[in-house]
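>
Chains as they are written, first to last, in this note's numbering: chain A, 79 to 449; chain B, 79 to 449.
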C-alpha cells in the first residue's frame with residue numbers, strides 16, 4: 079500500500095497552533111522509548127517539572143504535563159477544583175472562555191459569567207462590581223484569547239481577588255513561552271497550557287500547575303474527582319519527586335522527550351530574548367499588513383504578539399485566500415471561530431514560527447494573492 | 079546545561095508496555111507537523127480509521143484514537159455510556175477490572191461486580207447465574223488482563239448477552255494487535271486499547287470504537303457527558319468522514335503519524351503472521367523459563383502469549399533481579415501489581431518486542447542472574 083506519510087510536505091505553521099517545531103524537538107521525539115517507571119526516564123520527568131516551574135514562574139510542587147492536549151488541561155483544572163453546586167465565575171471574551179463555561183456547567187457547577195465583546199479585553203471595573211455582592215469558589219479566565227488575539231489584564235484581575243477565598247484559574251495556553259506568565263506573581267491557583275503553541279512542541283501535552291491552596295481543596299473534596307484519568311491526587315503520586323512513584327497510567331514517553339527539549343531550547347535562548355523575538359516579529363507583521371492595506375482586529379494596547387487577528391477586507395473570499403496560501407505557498411494561517419468566522423484571519427507567531435524570515439514569507443505570499 | 083536526552087540508552091522493553099518501537103514508527107513520529115485541520119492530515123486521519131476498523135474487526139463508524147493514553151480510552155467508554163444511577167456489571171479478575179469499578183463508581187453508576195481469583199479467567203457459568211435475576215445498562219470486562227496474564231473468554235460471555243439490552247464494553251488494551259480481536263464478531267458495543275502494547279507505537283493514544291447501539295445511547299443521553307474533552311458526540315464530529323470536520327481539540331498530530339505507521343506495519347505483515355509470531359515467542363519463552371526452573375503463574379489454556387506472568391521462586395529478591403536486568407543487560411521486565419506485587423514478574427512479548435532473538439537475550443540474562 080502507498081504510505082501517506084511519505085507525502086507530508088513541510089508547511090509553515092502560522093495558524094493558532096500547532097506552531098513550527100524545532101529540528102532538535104523532532105529529534106527528541108524519536109529517541110528510544112523507555113519504560114514509564116524507568117529510573118532514567120524518571121530523571122527526565124524531574125527535570126521537566128523544574129523547567130516547567132521556571133517557564134511558569136512558580137514554586138508550585140504540583141506542576142507537570144497532563145497526558146492529553148491543552149483542552150485536557152482545562153478539563154483537569156475544572157474537574158479537580160469544582161464540586162457540584164460550587165459557585166464559579168467565568169470572565170469571557172472569546173471561544174476559550176465560553177468553553178470554560180461549558181466544561182464547568184457539565185461538571186455541575188453553579189456558573190456565573192460576565193461576557194465582554196469579542197476582540198476587547200476583560201474590564202476589571204466590571205469584575206470589581208460583580209465581586210462586591212457575590213462570592214465564588216473559583217474565578218476563571220483566559221490570559222491570551224486564542225480566538226480573538228486579545229491579551230487580558232490578569233495582574234489587574236488578580237489584585238481584585240486579594241483577601242478573597244476564591245481560587246483563581248487561568249488559561250495560559252497561548253501565552254506560555256511567548257510573553258511573561260507569572261503564576262506566583264499573579265497568585266494564580268490553577269493554570270494549564272498546551273505543548274503546541276509558543277513552546278513549539280507537537281500537540282499532545284498540557285502543562286498544568288496547582289498552588290498549595292488548590293491542592294488542599296483537591297485533597298479535602300467531599301466527593302472523589304469524577305474523572306479517574308485526570309485525578310490530580312493520583313497523577314501527583316506518579317510525578318511528585320519526594321515520594322515513591324506510584325503507577326497511574328502509562329506516560330506518553332516520547333512526547334515528554336519532545337517537551338523536555340522544547341523547554342531546554344526556551345531556557346537556553348532565555349525568556350527575555352524569546353519574548354523580544356515574538357514582539358519583533360509581531361511589529362514586523364503589523365507593519366507589513368498595513369502596507370498591504372490590512373487592519374488589525376484588536377486595539378493596540380490589547381494585542382497579543384503571538385496571535386494576530388486581522389480583519390478580512392470586504393469582498394475577499396477568506397477561505398479561498400487560506401486555501402491558496404496552503405496549496406501554492408505551503409503556509410497555514412487560521413480562520414475565525416464562532417461569531418468571528420469569516421470576519422478575521424488568525425496569524426500565529428508562536429515559538430519557532432516567530433522568525434523574521436517567516437513573517438516576510440507570509441507577507442510576500444499574501445501580497446501575491448491579494449494584489 | 080547537560081541534555082539528558084543524550085543519555086537515553088536503547089532498552090529492550092519486555093515489560094507490560096510500552097513495547098519496543100519499530101524504526102519506521104520512530105521515523106513517522108518525527109515527520110513534519112501539519113495543522114490538525116490540514117487537508118493532507120485529514121487524509122491520514124481517514125486512513126487511520128480504516129486501519130483501526132481492520133485491526134479491531136469492526137464496521138463501527140465511530141472508531142478513532144482518543145488523544146490520551148489507554149486509561150483515557152477506558153474513561154471515554156464509561157463516561158459516554160454511563161449516566162448517574164445506571165446499573166453496571168463489571169467482571170473482575172485483575173487490576174484493570176478493578177479500575178473499571180473505580181472509574182464507573184466515580185461517574186455515579188450503580189456498580190455491581192463479580193470478582194474471580196486473580197490469575198484465573200472469568201467463569202461464564204457464574205456470569206450466567208448473575209444475569210438470570212439482574213439487568214444492567216452496561217456489562218464490562220477485560221479481554222487480556224495485563225496485571226495477571228489471563229485471557230478472558232469474551233466470545234463465551236458475549237453469547238450470554240444475546241437478546242439482552244445491555245451494552246457490552248470490553249478492554250482490548252493488551253490484546254489488540256497480538257491476538258484476534260473481533261468487535262463485531264463478539265457483539266462488543268464499546269472498546270478501547272492503547273498504542274503502546276501490541277501496536278508497538280509509543281504511549282499516548284487510545285484507539286476506541288463504539289457500535290451503533292452505543293452511539294445511539296450517547297446521542298439520547300438525558301444529561302450531557304460530564305467530560306467535555308472526551309465527549310464522543312463532539313469528537314465524532316471532528317473524525318467522522320462523511321461530515322464537515324468540526325474543530326474540537328488540537329489532535330496530537332505526530333503521535334497519529336506514529337499510530338498510522340504501526341497500523342501499516344501490522345497490515346503489511348498480516349494479522350495471522352503477527353499472531354503466529356506472538357505465539358512462537360511465547361512458546362519459546364515458556365520452554366526457556368522451564369529450563370531455568372521457573373513456572374508460569376497462569377494455567378495453560380488461559381495464558382496470554384503477549385503477557386507472561388512468571389511465579390517468583392522462593393528466596394529470590396525480585397526487585398533486585400529486575401534492577402540487574404535493567405542495569406547490566408538493558409532489559410526491562412515488569413513486577414506484579416496490587417496483591418501480586420512481589421509474587422510474579424510480567425514479561426511482555428508485544429508487537430515489535432515479540433522476536434525470537436529478544437526472547438533468547440532475556441533467557442540468557444535471566445540465566446546469568448539467577449544461576
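Backbone N, C-alpha and C define an ideal beta-carbon position, used for all residues, glycine too.
1) Using 10 angstroms around the beta-carbon of residue 257/B, count the other beta-carbons present and answer buried if the total reaches 16, otherwise exposed.
2) Beta strand (DSSP E) containing residue 80/B: first to last residue?
3) Name the one or two DSSP bridge partners that residue 422/A has.
4) What alpha helix (DSSP H) runs, 4 residues minimum, are completely inside the region 309-345 of chain B?
5) Starting from residue 245/B, trace the alpha helix (DSSP H) both ways and give me its first and last residue.
6) Consider the Cβ of residue 123/B: report whether some Cβ of chain A lies at a distance smaller than 7 Å.
7) Is the Cβ-Cβ distance between residue 152/A and residue 173/A less than 7 Å?
8) What are the start and end residues of the beta strand (DSSP E) that includes residue 91/A?
9) On the criterion of 16 or more Cβ atoms from any shown chain inside 10 Å, does residue 445/A qualify as buried, or is it exposed?
10) Can you tell me whether DSSP reads residue 259/B as helix, strand or coil?
11) Determine, using beta carbons only, whether residue 349/B comes closer than 7 Å to chain A.
12) Leaving out five residues before and five after residue 419/B in sequence, what residues of the same chain have Cβ atoms less than 8 Å from its Cβ?
13) Applying the criterion that 16 or more other CB atoms from any shown protein chain within 10 Å of the CB defines a buried residue, is residue 177/A buried or exposed?
14) Counting along the chain, where does the beta strand (DSSP E) carrying residue 287/A start and finish?
15) Consult DSSP for residue 410/A and reduce its assignment to one of helix, strand or coil.
16) Would you report the Cα separation of residue 435/B and residue 275/B, rounded to the nearest angstrom?
17) Please state whether DSSP places residue 132/B in a helix, a strand or coil.
18) What residue does the beta strand (DSSP E) around residue 193/B start on, and which one ends it?
19) Please report the residue range of the beta strand (DSSP E) in which residue 270/A lies.
20) Go through its chain and collect everything with a Cβ distance to residue 218/A's Cβ below 6 Å, but skip five positions before and after it.
21) Strictly under 7 Å for the Cβ-Cβ distance: is residue 198/A near chain B by that measure?
22) Between residue 233/A and the rest of its own chain, which residues show a CB-CB distance below 6 Å, the 5 nearest in sequence each way excluded?
23) Leaving out the 5 sequence neighbours to the left and right, which residues in its chain are closer than 6 Å to residue 242/A when beta-carbon positions are compared?
24) Quick one: grab the DSSP three-state call for residue 397/B.
25) May I ask which residues mark the beginning and end of the alpha helix (DSSP H) holding residue 447/A?
26) If you measure beta-carbon to beta-carbon, which residues of the region 288-307 of chain A are closer than 9 Å to chain B?
27) Counting pairs of beta carbons, one from the region 266-282 of chain B and one from the region 249-256 of chain B, are three or more of them closer than 8 Å?
28) Could you work out which residues of chain A lie near residue 86/B, taking near to mean beta carbons separated by less than 7 Å?
29) DSSP puts residue 166/B in a beta bridge; with which residues?
30) Would you say the region 426-433 of chain A touches the region 344-360 of chain A, given that touching needs at least three Cβ pairs under 8 Å?
31) Alpha carbon to alpha carbon, what distance is there between residue 425/A and residue 184/B?
32) Go to residue 202/B, then tell me how far its alpha helix (DSSP H) extends in each direction, as first and last residue.
33) With H, G and I counted as helix, E and B as strand and the rest as coil, what does DSSP make of residue 378/B?
34) Please report the residue range of the alpha helix (DSSP H) in which residue 74/B lies.
35) Tell me, please, whether the CB atom of residue 433/B is closer than 7 Å to any CB atom in chain A?
36) Just to confirm my understanding: we take residue 330/B, look at its own chain, exclude 5 residues before and 5 after, and list those with CB closer than 6 Å. What are they?
In this structure, then:
1) Indexing the second chain from 1 puts residue 257/B at position 179. By the 10 Å Cβ count, residue 257/B comes out buried.
2) The residue you call residue 80/B lines up with position 2 of the second chain. Run containing residue 80/B: none; DSSP gives neither H nor E here.
3) Mapped onto the first chain, residue 422/A falls at position 344. 389/A, per the DSSP bridge assignment.
4) Listed in chain order, they are 310-317.
5) In the second chain, residue 245/B corresponds to position 167, counting from 1. It is not in any alpha helix (DSSP H) - residue 245/B instead sits in the beta strand (DSSP E) that spans 245-249.
6) Position 45 of the second chain holds residue 123/B. For residue 123/B, the closest Cβ of chain A is not nearer than 7 Å.
7) For the purposes of this step, residue 152/A is identified with residue 74 of the first chain, where counting begins at 1. For the purposes of this step, residue 173/A is identified with residue 95 of the first chain, where counting begins at 1. No, Cβ-Cβ distance for residue 152/A and residue 173/A is not below 7 Å.
8) Here the question's residue 91/A lines up with position 13 in the first chain. Residue 91/A -> beta strand (DSSP E) spans 90-92.
9) Taking the first residue of the first chain as 1, we reach residue 445/A at position 367. Residue 445/A comes out exposed.
10) Reading the second chain from its first residue, position 181 is the one you call residue 259/B. Here residue 259/B sits in coil by DSSP.
11) Residue mapping note: residue 349/B aligns to position 271 of the second chain, counting from 1. Chain A, which has no Cβ nearer than 7 Å to the Cβ of residue 349/B, makes this no.
12) Numbered from 1 along the second chain, position 341 holds the residue referred to as residue 419/B. Taken in chain order, the residues that qualify are 413.
13) In the first chain, the residue the question calls residue 177/A occupies position 99. By the beta-carbon neighbour count (other beta carbons within 10 angstroms, threshold 16), residue 177/A is buried.
14) As a working note, residue 287/A is residue 209 in the first chain. Counting along the chain, the beta strand (DSSP E) containing residue 287/A begins and ends at 284-288.
15) Walking along the first chain from the start, residue 410/A turns up at place 332. DSSP places residue 410/A in strand when its eight states are reduced to three.
16) As a position in the second chain, residue 435/B is number 357, starting the count at 1. As a position in the second chain, residue 275/B is number 197, starting the count at 1. Those two C-alpha atoms are separated by around 19 Å.
17) For the purposes of this step, residue 132/B is identified with residue 54 of the second chain, where counting begins at 1. In the three-state reduction of the DSSP assignment, residue 132/B falls in the helix class, which pools H, G and I.
18) Numbered from its first residue, the second chain carries residue 193/B at position 115. Here the beta strand (DSSP E) through residue 193/B covers 188-193.
19) As a working mapping, residue 270/A is identified with position 192 in the first chain. Residue 270/A -> beta strand (DSSP E) spans 268-270.
20) Working through the first chain from its first residue, we reach residue 218/A at position 140. Cβ within range, chain order: 168, 178, 247.
21) The count along the first chain starts at 1 and reaches residue 198/A at position 120. Cβ-Cβ to chain B under 7 Å: no for residue 198/A.
22) Looking up residue 233/A in the first chain gives position 155. Hits under 6 Å: 264.
23) Numbered from its first residue, the first chain carries residue 242/A at position 164. The beta carbon of residue 242/A is closer than 6 Å to none in its chain, skipping five residues each way along the sequence.
24) Locating residue 397/B in the second chain gives position 319, where the first residue counts as 1. DSSP, read as helix, strand or coil, puts residue 397/B in helix.
25) Taking the first residue of the first chain as 1, we reach residue 447/A at position 369. Where residue 447/A is concerned, the enclosing alpha helix (DSSP H) stretches over 434-448.
26) Of all residues in the region 288-307 of chain A, those with a C-beta nearer than 9 Å to a C-beta of chain B are 301, 302, 303, 304, 305, 306, 307, reading in chain order.
27) A contact is defined here as three or more CB-CB pairs under 8 Å, and the region 266-282 of chain B meets this definition with respect to the region 249-256 of chain B.
28) Within the second chain, residue 86/B is the residue found at index 8, counting from 1. Within chain A, the residues near residue 86/B are 109, 110, 112, 118.
29) Translated into positions along the second chain, residue 166/B becomes position 88. Residue 166/B is bridged by DSSP to 189/B, 216/B.
30) Judged by Cβ distances under 8 Å, the region 426-433 of chain A makes contact with the region 344-360 of chain A, as three or more pairs qualify.
31) Here residue 184/B refers to the residue found at position 106 of the second chain. Here residue 425/A refers to the residue found at position 347 of the first chain. Roughly 42 Å separates the two Cα atoms.
32) Taking the first residue of the second chain as 1, we reach residue 202/B at position 124. Residues 202-210.
33) One-based indexing of the second chain puts residue 378/B at position 300. DSSP places residue 378/B in helix when its eight states are reduced to three.
34) It is not possible to answer for residue 74/B, since the shown part of chain B is limited to 79 through 449.
35) Sequence index remark: in the second chain, residue 433/B carries index 355 (1-based). So no, residue 433/B is outside the interface.
36) To locate residue 330/B, count along the second chain from 1; it is residue 252. Counting only Cβ-Cβ distances below 6 Å, and skipping sequence neighbours, we find 145.
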